[in-house]
Amino acid sequence: MIKLAKTLLPIAWMGLIFILSDIPVDYFPESTTNFQQITAHNFLYFVLSLLIIIAILSWRIKAKMVNAALTAVAVSVLYGISDEYHQGFVYGRFVSFADLFFDFFGACLGVIFYLIIHKKRKAKILLHVCCAGCGAYIGKLLKKDYNVVLYFYNPSIYPISEYNTRLAEAKRIAQKFNLKLLAEEYDHNKWLDKIKGHEHDSERGERCFICYKDRMESTAQKAQEGKFDYFSTTLTVSPRKDAAEISKIGKKMAEKYNVEFLDKDFKKKDGFKKSVELSKQLNLYRQNYCGCEFSGTQIYK
Numbered sequence: 620m621i622k623l624a625k626t627l628l629p630i631a632w633m634g635l636i637f638i639l640s641d642i643p644v645d646y647f648p649e650s651t652t653n654f655q656q657i658t659a660h661n662f663l664y665f666v667l668s669l670l671i672i673i674a675i676l677s678w679r680i681k682a683k684m685v686n687a688a689l690t691a692v693a694v695s696v697l698y699g700i701s702d703e704y705h706q707g708f709v710y711g712r713f714v715s716f717a718d719l720f721f722d723f724f725g726a727c728l729g730v731i732f733y734l735i736i737h738k739k740r741k742a743k744i745l746l747h748v749c750c751a752g753c754g755a756y757i758g759k760l761l762k763k764d765y766n767v768v769l770y771f772y773n774p775s776i777y778p779i780s781e782y783n784t785r786l787a788e789a790k791r792i793a794q795k796f797n798l799k800l801l802a803e804e805y806d807h808n809k810w811l812d813k814i815k816g817h818e819h820d821s822e823r824g825e826r827c828f829i830c831y832k833d834r835m836e837s838t839a840q841k842a843q844e845g846k847f848d849y850f851s852t853t854l855t856v857s858p859r860k861d862a863a864e865i866s867k868i869g870k871k872m873a874e875k876y877n878v879e880f881l882d883k884d885f886k887k888k889d890g891f892k893k894s895v896e897l898s899k900q901l902n903l904y905r906q907n908y909c910g911c912e913f914s915g916t917q918i919y920k
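Shown next as structure tokens:
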């Protein structure tokens, strides 16, 4: 509904411009070079290009900003040309290249204004956190450049006491770094259904890939619903996780849900070591197995 409204607004504004230009000159000064007329053209096409770029980006979140800006100016100018042509059939009006120039100038001002405002705004990122240790380091790291929201969705964790411990620690780091935390309800049985037949797969095998996909898809979907600019995961900070597979899944989910995936292997540049050090400084709980009952029995006997 919001996307539709954003699309209809520039169309409605075009309609307003058409109505104004359809009024005979008896109601307007004949000269289009006076200050009032110049201001009117600049304002009308400033708003039009602004509404167009907002509409483009609401439908194509991954569209490059420069391309969206150029498209907004181009559409505005093309409409300006058609409107000037239309005025040639209105009593007392005529085609004016001066008007067209000020239409173009106003459209450029509109997109420049949007780009300046957008640059000052930190992009929103939904960061999936698997545990407090990883979440603390990566959340703190990304907070410098992004508006970070932590997302705790880990139905693989077993038993529920372990889940509650990790969730409590995630809440603690969210409070520590002044970050918002979103948490989904725990449903381990549903997760077991998804990995059925892969209970005995080795670590970093198909069971883990299914688990990656489950968590990444939930994160991407939540990011789309919440109008986030990006989504990512802390999973790659662990040396036991397949960063290449996580990257591949992340890109697929980005395409499916039309939200940009921040593709980072956070274990690089001593990321894992730094996460451990920060965990010790904050006295965070650090588990000795990934989360599910199968990883616990296979690796950490």
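Quick note on our numbering: the sequence shown kicks off at 620 and runs consecutively. For each residue, glycine too, the CB sits at the ideal point set by N, CA and C.
Asked                                                                                                                 : Found
Per DSSP, the bridge partner or partners of S851                                                                      : L746
Length-filtered (4 minimum) alpha helix (DSSP H) runs lying within the segment 831-895                                : 862-876
Anticipated Cβ contact below 8 Å, E822 with R859, distance rounded                                                    : 7 Å
Residues of its chain near V694, where Cβ-Cβ distance is below 6 Å and the 5 sequence neighbours each way are ignored : I671
For N902, three-class secondary structure by DSSP                                                                     : coil
F850 versus Y770, L627 and G707, residue with shortest Cα-Cα distance                                                 : Y770
Reference S668; option with closest CA among I731, Y777 and Y876                                                      : I731
Reduced DSSP secondary structure (H/G/I, E/B, other) of V709                                                          : coil
Inter-stretch contact at 8 Å, needing at least 3 Cβ pairs: the segment 745-765 / the segment 887-905                  : yes
V730, DSSP secondary structure in three states                                                                        : helix
Spatially closest choice to A751 from F721, L798 and L734, by CA coordinates                                          : L798
Neighbourhood of Y919 by C-beta, 6 Å cutoff - its chain only, sequence neighbours within 5 removed                    : For Y919, the predicted structure reports a pLDDT of 38, less than 50, and the residue's modelled location is therefore unreliable. The matter cannot be settled from this model.
Residue burial classification, K809 (beta-carbon count within 10 angstroms, cutoff 16)                                : exposed
Cβ-based neighbour list, D820, same chain, cut-off 7 Å, excluding 5 preceding and 5 following                         : R826
Helix, strand or coil at Y777 according to DSSP, with G and I counted as helix                                        : coil
Where P778 falls, given that 16 or more other Cβ within 10 Å makes a residue buried                                   : exposed
Q706 classed as buried or exposed, judged by whether at least 16 other C-beta atoms fall within 10 angstroms          : buried
One or two residues paired with F828 in a DSSP bridge                                                                 : Looking at the DSSP assignment, F828 forms no beta bridge with any residue, so it has no partner.
Validate contact between the segment 621-641 and the segment 688-702 using beta carbons, cut 8 Å, 3 pairs             : yes
Reduced DSSP secondary structure (H/G/I, E/B, other) of L689                                                          : helix
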